[in-house]
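*Asks:* Just add 50 to the spot in the sequence shown (first one is 1) and you have this note's numbering.
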Amino acid sequence: MGIELRGLVGKKVLVTGGAKGQGFSHAKAFAEAGCDVAIIDITTPIADIYDLATPDMMKAAVKAIEDRGQKGVGLPCDIRDEAQVKAAVDKALDAFGGVINVIVNNAGVAALDFIHQMRSSTLHAVIDTNIKGAMFVTKYASDNMIGRREGKIINISSAVTGSGHAMLSHYVASKHAINGLTSAWAMELAEFNINVNAICPATIRPGEGQGSGMVLGLSKEMDMGPEDAYETFSAQGNMAGDKWRCEMQNITDAVLFLASANADMITGTILPVDCGQMAR
Ligand SMILES: NC(=O)c1ccc[n+]([C@@H]2O[C@H](COP(=O)([O-])OP(=O)(O)OC[C@H]3O[C@@H](n4cnc5c(N)ncnc54)[C@H](O)[C@@H]3O)[C@@H](O)[C@H]2O)c1
């Protein structure tokens with residue numbers, strides 16, 4: 051008898067940062083698993099941050115969900131802005147009959163700054179998107195879960211929480227906050243049968259266009275090619291050997307597992323999908 055992911059068909063899923071990169075990979079996989087998917091994503095640039103999603107990417111992401119036979123909802127929204135988040139979550143709830151079963155707090159940005167030269171623009175962008183953004187989304191999208199006493203919340207953290215990283219202190223701090231929010235929400239929401247877990251990805255192979263943009267974006271600031279940056283970060287951080295290279299699909303597999311009924315008894319976990327980084 052094979053093992054399959056149970057309990058995903060018919061679920062209503064909200065993915066932040068779902069118009070490109072890992073979020074887009076998760077959104078497509080949820081649709082393939084029989085879920086309807088609402089995507090929250092910024093479709094305008096953030097000052098001093100590498101290229102993020104565009105309106106065309108949002109359209110393509112919604113189409114990709116619909117092409118898989120599921121309802122797709124595109125919600126342009128800057129999660130740094132609480133009013134925008136409330137309006138977007140209200141639209142998702144309207145589209146899904148008042149139900150959101152799964153929240154994936156995936157949207158995130160990074161930048162490279164020494165602490166003594168920290169730009170205000172990037173400090174605010176990283177902290178406001180990665181921490182407050184996830185808090186605003188969960189604030190508005192968890193209410194229906196509490197009322198229905200059911201739900202799964204999956205926060206995307208990072209393997210950088212397992213060690214020190216020069217020039218990334220704003221980003222590292224934001225992902226430690228995500229780990230803290232995960233255990234705090236797991237405690238707070240347990241009585242409502244809501245599971246809250248986080249995933250810590252290793253460095254993800256960069257893609258062009260709608261692919262994963264973080265390493266691509268940072269590599270430009272480092273004057274390196276994206277594949278070189280990926281290889282350098284992976285070789286320095288991951289377990290030794292060519293096997294230990296992380297792709298978007300590895301994270302998507304973990305996200306769908308944590309969203310499924312197979313993970314019903316897992317909560318408050320910080321799950322490294324990190325090619326062994328945290329064990330080093
Ligand atoms: N790429 C990596 O190596 C890596 C490693 C560990 C963790 N992560 C984390 O994985 C997540 C996804 O990263 P990715 O590599 O797919 O990057 P990406 O840049 O391709 O995707 C990030 C998405 O978030 C959206 N976004 C950014 N700021 C937003 C805002 N203020 N409001 C709404 N949407 C916003 C972007 O438009 C984009 O669609 C992030 O949380 C990142 O920190 C990435």
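Built from N, CA and C at the ideal position, the CB exists for glycine as well.
Could you check if Thr94 is buried or exposed, using at least 16 other CB atoms within 10 Å of its CB as the buried criterion?
*Replies:* Counting from 1 along the sequence shown, the entry for residue 94 is found at position 44. Exposed, by the Cβ-count rule.
*Asks:* Between Leu306 and the rest of its own chain, which residues show a CB-CB distance below 8 Å, the 5 nearest in sequence each way excluded?
*Replies:* Against the sequence shown, residue 306 aligns to sequence position 256. So the qualifying residues of the chain are Leu55, Leu58, His76, Ala79, Phe80 and Ala83.
*Asks:* May I ask whether a heavy atom of ligand 1 can be found less than 7 Å away from the beta carbon of Leu102?
*Replies:* Translated into positions along the sequence shown, residue 102 becomes position 52. Yes, ligand 1 has a heavy atom inside 7 Å of this Cβ.
*Asks:* Spatial neighbours of Ser171 within its chain, please: C-beta separation below 6 Å, excluding the five flanking residues on both sides.
*Replies:* Position 121 of the sequence shown, counted from the first residue, corresponds to residue 171. Cβ within range, chain order: Ala97 and Asp98.
*Asks:* Quick one, are the C-beta atoms of Gly257 and Trp294 less than 8 Å apart?
*Replies:* To locate residue 257, count along the sequence shown from 1; it is residue 207. To locate residue 294, count along the sequence shown from 1; it is residue 244. No, the Cβ-Cβ distance between Gly257 and Trp294 is not below 8 Å.
*Asks:* Say the cut is 7 Å; is the CB of Cys127 nearer than that to a heavy atom of ligand 1?
*Replies:* For this step, residue 127 is matched to residue 77 along the sequence shown. Indeed, a heavy atom of ligand 1 lies less than 7 Å from the Cβ.
*Asks:* Apply the 10 Å Cβ neighbour rule to Gly71 and answer buried if 16 or more other Cβ atoms are within range, or exposed otherwise.
*Replies:* For this step, residue 71 is matched to residue 21 along the sequence shown. Label assigned to Gly71: buried.
*Asks:* Determine the contact status of Asn300 and Val323, defining contact as a CB-CB distance below 8 Å.
*Replies:* Here residue 300 refers to the residue found at position 250 when the sequence shown is read from its first residue. Here residue 323 refers to the residue found at position 273 when the sequence shown is read from its first residue. In this structure, Val323 lies closer than 8 Å to Asn300 by Cβ.
*Asks:* Roughly how many angstroms lie between the CA atoms of Ile181 and Arg169, to the nearest whole one?
*Replies:* Here residue 181 refers to the residue found at position 131 of the sequence shown. Here residue 169 refers to the residue found at position 119 of the sequence shown. Their Cα atoms are separated by approximately 18 Å.
*Asks:* How would you label Ser269, buried or exposed, when you count the other beta carbons within 10 angstroms and need 16 or more for buried?
*Replies:* Counted from its first residue, the sequence shown places residue 269 at position 219. So Ser269 counts as buried.
*Asks:* So Gln120 and Val87 are in contact, right, with Cβ under 8 Å, and what is the actual spacing, rounded?
*Replies:* Along the sequence shown, read from residue 1 onward, the residue named residue 120 stands at position 70. Along the sequence shown, read from residue 1 onward, the residue named residue 87 stands at position 37. The pair is a contact, with the Cβ atoms about 6 Å apart (cut-off 8 Å).
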